[in-house]
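Heads up, the thing below is written out as structure tokens.
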Amino acid sequence: MAQWIETYRGVVNPWECDVVQHFTIAYYFDRFADATRNFLDHCAADGIDAGLDHGPVRHHATFQNELRAGAGFHILTGVIDIDALALRIGHQVLDSTSGETVTWVTQTLALSQALPSAKRRKLAALCLPWSGPRIPDRRILGAARGQLAARDRVKAWEIDESGAMSLPAHIHRFSAASMQTLAAVGMTSRYMQDCRRGYSTFELDFTQVAGAGVGDIIDITTSVAHLGNSSLRLAHRMTGRNGAEIAFLMQSGVHLDTDARRSTAIPDELRPAIEKLLHREE
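Residues 0 to 281 in numbering that gives the first Met the number 0 are what the sequence shown lists, from first letter to last.
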């Protein structure tokens, strides 16, 4: 009988927390990568994971509550859907003390047409109902009207077991691009420290379309896709050698009061600079 499988159990280390004092999103994705591999190893001992194709991979994550330094958490994983082209895996991140779900994640993996029908049936038999948020039908926004927000190279220690740049390495770079962009519109480190404010991500929609290897140059351009009263959605585009597309990230967050730990309005004095980067979703 299909059931959720515990694929990770650990703790938030102090050095994994960001400028707003909670678990950094890249380290969430480090754990998601482990949870996916552990799940495939558990349910696919006869080689189901060999039927995964090299097509686009999409992760959609919704962060409902914070995990802070010292918090214990675990991840439950299961198959939530399968069709001719894709396998969808769901992760629930739970606070190990309260049992509360703090994060929902879906991962859509491309399936090879060569995957035997018996293995497809095995995956279909593992399907479970999904109680988390619906994956939005969102067109990926490029950042052609944005600005260069990050540039560096892939390091040897950032390569995962697939032989390409790891999932958390992608997210670390997008996080750096976010901070560069926020600083450019006035949300500098001094502003955050003096005003007790920050940017807290509540949703990520990440799509990887190609891999990157050691020594590849990485550029990220960023624009603003949405500006609300307290919310801000950033559209990031990652490219590699000769401008080849690697990944896209839609990052939704709020202007955070770091003392009250809740969202607060974006000040009027910051809005003109943000609006200059605005590339509205259609």
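A virtual CB, placed ideally from N, CA and C, is assigned to each residue, including glycine.
- About 10 Å separates the beta carbons of A175 and H235, which is beyond the 8 Å limit, so they are not a contact pair.
- By the neighbour-count definition (other C-beta atoms within 10 Å, threshold 16), A155 is an exposed residue.
- Taking C-beta atoms as the reference points, L108 and I88 count as a pair closer than 8 Å.
- Counting C-beta atoms within 10 angstroms of its own C-beta, E157 has 16 or more neighbours from the protein chains shown and is therefore classed as buried.
- Here S199 is buried. Its C-beta has 16 or more other C-beta atoms within 10 Å.
- By the neighbour-count criterion, in which 16 or more other beta carbons inside 10 Å mark a residue as buried, T187 falls on the exposed side.
- V11 is a Cβ neighbour of G69, given a cutoff of 8 Å.
- The beta carbon of Q179 sits closer than 6 Å to the beta carbons of A148 from its chain, once the five residues preceding and following it are set aside; these are given in chain order.
- Closest in C-alpha terms to R195, from the list A1, G9, V19, comes V19.
- The DSSP assignment places 196-207 as complete runs of the beta strand (DSSP E) inside the stretch 188-221, in order along the chain (cut-off: 3 residues).
- The residues F28, A32, in chain order, have a CB closer than 6 Å to that of L166 in the same chain once the five nearest residues on each side in sequence are set aside.
- Under the DSSP assignment, M249 falls in the beta strand (DSSP E) whose first and last residues are 244-256.
- Only exposed fits W14, as fewer than 16 other CB atoms lie within 10 angstroms of its CB.
- Straight-line spacing of the CA atoms in H73 and D94 works out to 7 Å.
- The stretch 47-111 is shown to contain whole beta strand (DSSP E) runs of 3 or more residues at 56-62, 71-81, 85-94, 100-109, in chain order.
- Taking C-beta atoms as the reference points, F38 and T100 fail to come closer than 8 Å.
- Here Q192 is exposed: its Cβ has fewer than 16 other Cβ atoms, across all protein chains shown, within 10 Å.
- Apart from the 5 residues on each side of it in sequence, I24 sits with its Cβ closer than 7 Å to the Cβ of I170, S174, T200, L203 in its chain, given in chain order.
- C-alpha of T257 to C-alpha of D159: approximately 34 Å in a straight line.
- Counting the other CB atoms within 10 Å of its CB gives Q207 a total of 16 or more, which places it among the buried residues.
- Close CB contacts of S229 within its chain, under the 7 Å cut and outside five residues either way in sequence, are with V253, H254, S262, T263, A264, I265 (chain order).
- Exclusion of the five residues before and after D215 leaves R152, V153, G239, R240 as the residues of its chain whose Cβ lies within less than 7 Å of its Cβ.
- In the three-state reduction of the DSSP assignment, L125 falls in the coil class.
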